[in-house]
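Numbers given in the working numbering equal positions in the sequence shown, counted from 1, plus 15.
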Amino acid sequence: MNIGFTTSFPVEIVFAAGHKPIDLNNIFVTGNARKFVEEAEFEGYPRNICSWIKGMYSVALTSEIDAVIGVVEGDCSNTHSLMETLKDKNVEVIPFSFTYIRDRKELEAEINKLEEYFQVEHSDVLKVKKRLDEIRKKLIRLDELTWKENKVTGLENHLWLVNSSDFNSNPDDFEKRLDTFLMETEDRNPIKTDFRLGFLGVPPIITDFYDFLLEHKTNIVFNEIQRQFSMPYLEENLVDQYLKYTYPYSIFDRLEDIKIEIEKRKLDAV
16 MNIGFTTSFP
26 VEIVFAAGHK
36 PIDLNNIFVT
46 GNARKFVEEA
56 EFEGYPRNIC
66 SWIKGMYSVA
76 LTSEIDAVIG
86 VVEGDCSNTH
96 SLMETLKDKN
106 VEVIPFSFTY
116 IRDRKELEAE
126 INKLEEYFQV
136 EHSDVLKVKK
146 RLDEIRKKLI
156 RLDELTWKEN
166 KVTGLENHLW
176 LVNSSDFNSN
186 PDDFEKRLDT
196 FLMETEDRNP
206 IKTDFRLGFL
216 GVPPIITDFY
226 DFLLEHKTNI
236 VFNEIQRQFS
246 MPYLEENLVD
256 QYLKYTYPYS
266 IFDRLEDIKI
276 EIEKRKLDAV
């Protein structure tokens with residue numbers, strides 16, 4: 016089954032169940048975003064509602080998605096409406112929640128519910144996590160090639176990290192392509208720029224954003240949320256991993272990580 020989802024969650028569970036997780040955001044932003052938004056508005060979505068929600072709605076209906084996991088707490092507040100409208104279109108919806116305040120017991124309960132829904136053992140989920148962590152270690156290297164060695168552009172960093180939310184539904188192929196990319200970039204000359212910037216918040220929807228900055232001798236060397244999608248902390252425990260994942264929690268939790276990275280990466284601005 017093709018299992019769409021609205022933002023990063025314990026994707027290991029879906030892989031362990033033998034299904035294909037698909038990040039709806041990635042299809043939306045790399046496809047014809049304007050068309051997806053217009054289709055949702057034609058169906059009745061207001062013009063003033065979040066474009067990401069409208070995009071995911073259209074993607075879910077046009078991309079052979081069998082069910083959608085909606086992160087109804089810890090993401091956009093309009094996700095509730097998205098799930099209701101998808102259900103009205105006979106799309107199976109599966110809720111998942113992060114708590115506003117990091118709470119180990121509540122997150123563990125949510126993970127257990129999702130494992131029960133997909134009928135997978137936690138031990139099998141951990142095996143998948145161990146496999147995905149091998150790829151995540153390589154993404155840490157890619158990030159270092161961006162901010163430490165200046166060999167990877169902000170756009171390349173963005174694309175690899177944002178796609179680590181679902182590993183393009185095929186971890187083996189993703190890793191193979193990543194290995195090739197890393198081999199190529201290790202031999203590059205450093206990118207010469209005047210400014211080192213960080214990008215905070217949800218990934219940009221503007222297609223030429225990174226290219227425009229690079230043309231003006233500015234490189235993004237810190238993609239905050241995209242980096243979070245890559246689960247850079249490599250915790251052994253699945254619950255710990257998604258407790259350290261900052262995106263679903265408060266801005267104060269995110270700022271702790273942001274301040275560390277600003278100093279470490281010697282950013283000129285964010």
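Glycine residues also receive a C-beta, built at the ideal position from the N, C-alpha and C atoms. Remember, it's a predicted structure, so these values are computed and weren't measured experimentally.
Annotated three-state conformation of E123 is helix, per DSSP.
In terms of Cα proximity to E190, the closest of I155, T168, F224 is I155. Assigned with DSSP and collapsed to three states, L282 falls in coil, not helix or strand.
For K207, no alpha helix (DSSP H) segment is defined, and its DSSP state is neither H nor E. Across the structure, K279 and H34 are spaced so that their CA atoms are roughly 38 angstroms apart.
No Cβ-Cβ contact shorter than 8 angstroms links Y115 with S23. By the Cβ neighbour-count rule, I221 is exposed, with fewer than 16 other Cβ atoms within 10 Å of its own. By the C-beta criterion, the stretch 230–243 is judged to be in contact with the stretch 158–168, since at least 3 inter-stretch pairs fall below 8 angstroms.
Between V177 and P219, the C-beta gap is not smaller than 8 angstroms, which leaves the two residues out of contact.
In terms of Cα proximity to I84, the closest of R49, D181, K145 is D181. Its chain contains N17, I18, G19, F20, S78, I80, D181, S184 as the residues whose beta carbon lies nearer than 8 angstroms to that of I37, once the 5 sequence neighbours on both sides are disregarded; these appear in chain order. The stretch 221–230 and the stretch 162–174 touch, with no fewer than 3 CB-CB distances between them shorter than 8 angstroms. Looking at P25, A32, A75, F57, the one whose alpha-carbon comes closest to that of A124 is P25. When DSSP assignments are scanned along the stretch 129–161, no uninterrupted stretch of beta strand (DSSP E) that is 3 or more residues long falls wholly within it.
Short of 6 angstroms from the beta carbon of Y262, and not among the five residues preceding or following it, lie these beta carbons of its own chain, in chain order: I240, Q243.
Secondary structure of E58 (DSSP, three-state): coil. Shown here, I116 sits in coil according to DSSP, grouped into three states, outside any helix or strand. Scanning K50, N105, K281 for the CA closest to the CA of F210 turns up K281. Within the stretch 202–254, the alpha helix (DSSP H) runs of at least 4 residues that lie entirely inside it are, in chain order, 224–230, 239–244.
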